[in-house]
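Student:
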Ligand code: GLY
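Numbering (the working numbering), first residue to last: 1303 to 1784.
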């Protein structure tokens, strides 16, 4: 066995999937996950390190002599974790510098950049003045009043935890979105500017790549399921008023059903390669790490054409949880190649069989909060905000946490259970009790199965997830069905 140690910075299921991938490398002896979750300590060679600040992470890496750090989420990256590590003389950290995260942290600047270099994007305008933005949306809807498909998407410029895009169906929607983002500052300072783009109609695709700033390697893709509920749930629960909000993802599977070689090559040639190359040539920034292109694939004159809706500086979650288990190439070697600028020497090999992931999430609150002593609850993003029964739909709305999870040890070993929002229970003295695991978030865990066919993976996943239980647990029934 090799002796390398790795620190993965992430607290969710993506972080566990990255850690799992490193742990498979024969060169790696230990994988630390910070802040991590209970599941980070249940995987072979892996251990949760519940530290949160960048300073603590720098000190941890120095003290333990960690060989390589890999950063998952955009928050730490845009807070400058890579810059801080570099300043401390720690160069072996995979991820873009704070300056390079502008690709995610400013929608407006990124649209200008993509426009400048000729990468296909929807028609767009940026505004920092709400009156000018209102005038523009009024004129747009007036000009297109006879075209019901002429619509806008209003986006907060800055980071908004993936929630800052509002898809509009009318002038009223667009004015409401401007009010919410720029006046009420629902997403805080992220709403100082807005990017307003014309809504495109097509098929959405999340496209992930690894890059050392010069060579770009596409990862395999995953089919994702964003709405919180499947059609069956919505039909039988009409009293919820048809509310079916988008989530970060309720599951997925890989390989992707319709991304073929021709389309992949077109996306690389028209979008990905020019973005990385011109970012270096025009902005002087060598991007190292993961890039995630949110694309709309539009059918035009019999051709499939990709348009960039957004760029993120991280892997998608839960997509990473079904993609990374298929990677056969040693992830430690791949990460070293990114750091050393020799990704051109790497060829990614993939297991052709299916991985299918079902996210189990915290369900709705069924008892009043008063009765539920000892139970944490959340309304929207804020603990203890005013409770509204119409929004009581479970994750991504209000949900209970701190519920014991059982049955994890009964799951078929052909499946992997990546934890998203879990923690170890504590005894009366406050000591961690590693035998008891509790829910601690909306998305709790993802069960990932493997199958020679999609059907086989689906059957295994749905059989095994029934063994896991926590109060008000729920999941979609249609992952891999459509
Ligand atoms: N699953 C979507 C995201 O990670 O943003």
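We treat Cβ as the ideally placed atom computed from N, Cα and C, and that holds for glycine.
1) Measuring alpha carbon to alpha carbon, tell me which residue in 1503, 1764, 1718 is nearest residue 1625.
2) Which class does residue 1355 belong to by DSSP, given the choice of helix, strand or coil?
3) Going by DSSP, name the residue or residues bridged to residue 1751.
4) Relative to the alpha-carbon of residue 1329, which residue among 1426, 1754, 1307 has its alpha-carbon at the smallest distance?
5) What three-state label does DSSP hand residue 1779 in the structure shown?
6) Following the continuous beta strand (DSSP E) through residue 1757, name the residue where it begins and the one where it ends.
7) Could you name the residues whose beta carbon sits closer than 5 Å to any heavy atom belonging to the ligand GLY, keeping them in chain order?
8) With distances taken Cα to Cα, identify the nearest neighbour of residue 1699 among 1706, 1730, 1743, 1708.
9) Whole angstroms is fine: what's the gap from residue 1740's alpha carbon to residue 1705's?
10) Could you name the residues of the same chain whose beta carbon sits closer than 7 Å to that of residue 1779, not counting the 5 residues immediately before and after it, in chain order?
11) Count the other CB atoms within 10 Å of the CB of residue 1453; is the residue buried (16 or more) or exposed (fewer)?
12) Give me, in chain order, the residues of the same chain whose beta-carbon lies closer than 7 Å to that of residue 1519; leave out the 5 immediate sequence neighbours on both sides.
13) Spatial neighbours of residue 1492 within its chain, please: CB distance less than 7 Å, with the 5 preceding and 5 following residues excluded, ordered by chain position.
14) Would the stretch 1585-1597 count as touching the stretch 1395-1403 if we require 3 or more Cβ pairs under 8 Å?
15) What are the residues that DSSP puts in a beta bridge with residue 1498?
16) Considering only their Cβ atoms, is the gap separating residue 1619 from residue 1315 smaller than 8 Å?
17) For residue 1733, count the other beta carbons within 10 Å of its own beta carbon; 16 or more makes it buried, fewer makes it exposed. Which is it?
18) Would you kindly report the start and end of the unbroken alpha helix (DSSP H) that includes residue 1399?
19) Strictly by DSSP, which residues pair up with residue 1363?
20) What is the rounded straight-line gap between the Cα of residue 1407 and the Cα of residue 1380?
21) Identify the continuous beta strand (DSSP E) that holds residue 1720 and give its terminal residues.
22) Following the continuous beta strand (DSSP E) through residue 1350, name the residue where it begins and the one where it ends.
23) Quick one: what's residue 1614 bridged to in DSSP?
24) From residue 1305 to residue 1332, what distance separates their C-alpha atoms?
25) DSSP state of residue 1630, grouped into three classes?
26) Output the residue ranges of the alpha helix (DSSP H) runs that lie fully inside the stretch 1462-1501 and measure 4 residues or longer, sorted by chain position.
27) Closest by CA to residue 1697, which one among 1776, 1311, 1643?
28) If you run the structure through DSSP and keep just helix, strand and coil, what is residue 1560?
29) How would you write the range of the beta strand (DSSP E) that residue 1249 sits in, first residue to last?
30) Would you be able to state if there are at least three C-beta pairs under 8 Å between the stretch 1474-1491 and the stretch 1551-1559?
31) Leaving out the 5 sequence neighbours to the left and right, which residues in its chain are closer than 6 Å to residue 1499 when beta-carbon positions are compared?
32) Less than 8 Å between the CB atoms is what I'm expecting for residue 1435 and residue 1359, so what's the real figure, rounded?
33) By how many angstroms is the C-alpha of residue 1611 removed from the C-alpha of residue 1415?
34) Which class does residue 1334 belong to by DSSP, given the choice of helix, strand or coil?
35) Residues in the same chain with beta-carbon distance under 6 Å from residue 1754, minus the five sequence neighbours each way, listed in chain order, please.
Tutor: So, to answer that:
1) 1718
2) coil
3) 1658
4) 1307
5) coil
6) No beta strand (DSSP E) contains residue 1757, which is instead part of the alpha helix (DSSP H) from 1756-1767.
7) 1464, 1550, 1551, 1618, 1619
8) 1743
9) 5 Å
10) 1532, 1534
11) buried
12) 1511, 1512, 1645, 1648, 1650
13) 1458, 1459, 1460, 1461, 1462, 1466
14) yes
15) 1427, 1456
16) yes
17) exposed
18) Where residue 1399 is concerned, there is no enclosing alpha helix (DSSP H), given that its DSSP letter is neither H nor E.
19) Beta-bridge pairing links residue 1363 to no other residue.
20) 7 Å
21) 1718-1721
22) 1348-1350
23) 1594
24) 8 Å
25) coil
26) 1473-1480
27) 1776
28) coil
29) Given a span of 1303 to 1784 for the chain in the structure shown, any question on residue 1249 remains unanswerable.
30) no
31) 1424, 1426, 1455
32) In fact, because the Cβ distance is near 39 Å, the residues do not count as touching under 8 Å.
33) 13 Å
34) strand
35) 1655
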